[in-house]
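S.K.: Please see the structure below; I have some questions.
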Amino acid sequence: MRRKVCFLTAGVLAVILAACNFNGNADEAQKDIEAEEEVTAVKPVKEREKSVPVTVTEENLEYYSFSDGSSSLCERGGIYKYKGEFIFIADYFNCGDEWMETYPLSEEEIRLFLEEANVAIARAEEKKEEKEKEDEESGGGSSTRAGVAAGGNYYSIWLINFEDLGISVTDAYRAEYPSEEETELYKIEGFLELQEKTQWDEGPVFIGGAEFQRSVGKQIEEQSGEEISRMEIDSFGDEDFVIKAEAKNGDSYRATVTYLGYVAKVEKE
């Protein structure tokens, strides 16, 4: 089931569109709106059955996700495991502009994050009624949500401050967003089939399709050292999928990509 939180009424929608100076025809505007309505909101893996929460470890962590902001300006992202690595993902949105960043965390960052996640869960459990009331009242133009999935359970917590852990998170208002012209340069053939996959549909973080493709293309270019002229999905796996990329000089590459857009490996064919 797709995880969505829809904040906009028809009246508020009109105001936001005017304030952000959306351009283009009605269909294009509607696509942007529908995409942004999918602000990250993680559905619990399983309701808590014990009063004492599980201790989050490298072995049992499934993911941490967060969403902070409104339908017109927000930051969303999280941390998830991929083949022994902990991958950080953040997506920033400002009135139709979008930019994402993703990278693996260092051992020290992982250690500090796990410590903070356990502190956050314990605090939320201690102030359970206060947290549940806040979650129920959250809505309207702006909201903040965060949660940890570990050991088969999901814990709603207050937002973890990544800056305190030495993990950089960009301010959505100050992010350097790519131009429309740059975004149009990166298209992945077979992308619609990717969007139909359960791993995409039920991912803990929503990323707009255009920015996902641009970010993947840029990562392939950074790792290969070549400008890419064409990308096509070759195969799908449980945790990742493979892209065949062709460089402008004619060289071919195979890129292994997670369903949240992290390019784990690029190999020359």
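When the letters of the sequence shown are read in order and numbered with our numbering, they come out as residues 17 to 285. Virtual Cβ for every residue (Gly too), placed ideally from N, Cα, C.
1. Between Ile204 and the ligand FMN, is the CB less than 6 Å from at least one heavy atom?
2. Ends of the beta strand (DSSP E) at Glu115?
3. Alpha carbon to alpha carbon, how far is Phe207 from Ser268? Give it in angstroms, no decimals.
4. Taking buried to mean at least 16 other C-beta atoms within 10 Å of its own C-beta, is Gly93 buried or exposed?
5. Kindly indicate which residue of Asn169, Ile176, Gly167, Gly168 has the alpha-carbon position closest to the one of Arg161.
6. Ala263 and Ile236: beta carbons closer than 7 Å?
7. Measuring only the C-alpha atoms, how far is Glu146 from Glu152?
8. Output the boundary residues of the beta strand (DSSP E) element that contains Lys260.
9. Excluding five sequence neighbours on each side, which residues of the same chain lie with their C-beta closer than 6 Å to the C-beta of Ser240?
10. So, helix, strand or coil for Lys234, using DSSP?
11. Whole-angstrom Cβ separation of Asp107 and Val232, contact assumed at under 8 Å?
12. Alpha carbon to alpha carbon, what distance is there between Phe102 and Leu77?
13. Considering only residues of the stretch 93-179, which uninterrupted alpha helix (DSSP H) runs meet the minimum length of 4 residues and lie entirely inside it, listed in chain order?
14. How long is the line joining the alpha carbons of Lys213 and Asp254, rounded to whole angstroms?
15. Answer yes if the stretch 111-121 comes into contact with the stretch 183-203, meaning at least three C-beta pairs across the two stretches below 8 Å, and no otherwise.
16. Can you list, in chain order, the residues of its chain whose CB lies under 6 Å from that of Tyr278, leaving out five sequence neighbours each side?
17. In the DSSP assignment, find the alpha helix (DSSP H) that holds Thr186 and state where it starts and stops.
18. With which residues is Ser251 paired in a DSSP beta bridge?
19. Under 7 Å between the Cβ atoms of Ala140 and Ile173?
20. Using the Cα positions of Ile137 and Gly167, report the straight-line distance between them to the nearest angstrom.
21. Does Asp267 come out as helix, strand or coil in the three-state DSSP assignment?
22. For Glu248, which option in Glu238, Ser87, Tyr202 has the closest C-alpha, if you only look at C-alpha atoms?
23. Determine the closest residue to Asp256 out of Tyr80, Leu89, Tyr98, Ser83, with distance taken between C-alpha atoms.
24. Going by CA-CA distance only, name the one from Glu150, Glu179, Lys144, Thr199 that's closest to Phe129.
25. Quick check on the DSSP output: the beta strand (DSSP E) that includes Phe222 runs from which residue to which?
M.R.: The answer reads as follows:
1. Looking for the ligand FMN in the displayed structure turns up nothing, as the structure carries no ligands at all.
2. In the sequence as presented, Glu is not what sits at residue 115; that position holds Trp. Trp115: member of the beta strand (DSSP E) spanning 113-120, first to last residue.
3. Cα-Cα distance, rounded: 19 Å.
4. Classification for Gly93: buried.
5. When only C-alpha atoms are compared, the closest one is Ile176.
6. The beta carbons of Ala263 and Ile236 sit no closer together than 7 Å.
7. Taking the straight line joining both Cα atoms gives about 10 Å.
8. If you look at Lys260, you'll find it in the beta strand (DSSP E) that goes 256-263.
9. Excluding residues within five positions, the ones whose Cβ falls inside 6 Å are Tyr269, Val282.
10. Here Lys234 sits in helix by DSSP.
11. Actually they are not in contact, since the Cβ atoms of Asp107 and Val232 sit about 13 Å apart, beyond 8 Å.
12. Here the C-alpha atom of Leu77 lies approximately 10 Å from the C-alpha atom of Phe102.
13. Counting whole runs of 4 or more residues, the stretch 93-179 contains the alpha helix (DSSP H) stretches 123-142, 144-153.
14. Those two C-alpha atoms are separated by around 10 Å.
15. Contact between the stretch 183-203 and the stretch 111-121 is present, because at least three Cβ pairs lie under 8 Å.
16. A distance below 6 Å between beta-carbons, with the five flanking residues on each side excluded, links Tyr278 to the following residues of its chain, in chain order: Ile103, Thr118.
17. Under the DSSP assignment, Thr186 falls outside any alpha helix (DSSP H); it carries neither an H nor an E label.
18. In the DSSP assignment, Ser251 is bridged to Val258.
19. Contact: yes.
20. So the alpha carbons of these two residues sit roughly 13 Å apart.
21. Taken through DSSP and simplified to helix, strand or coil, Asp267 comes out as coil.
22. The shortest C-alpha separation from Glu248 is found at Tyr202.
23. Nearest option by C-alpha distance: Tyr98.
24. Per the Cα distances, Glu179.
25. For Phe222, no beta strand (DSSP E) segment is defined, and its DSSP state is neither H nor E.
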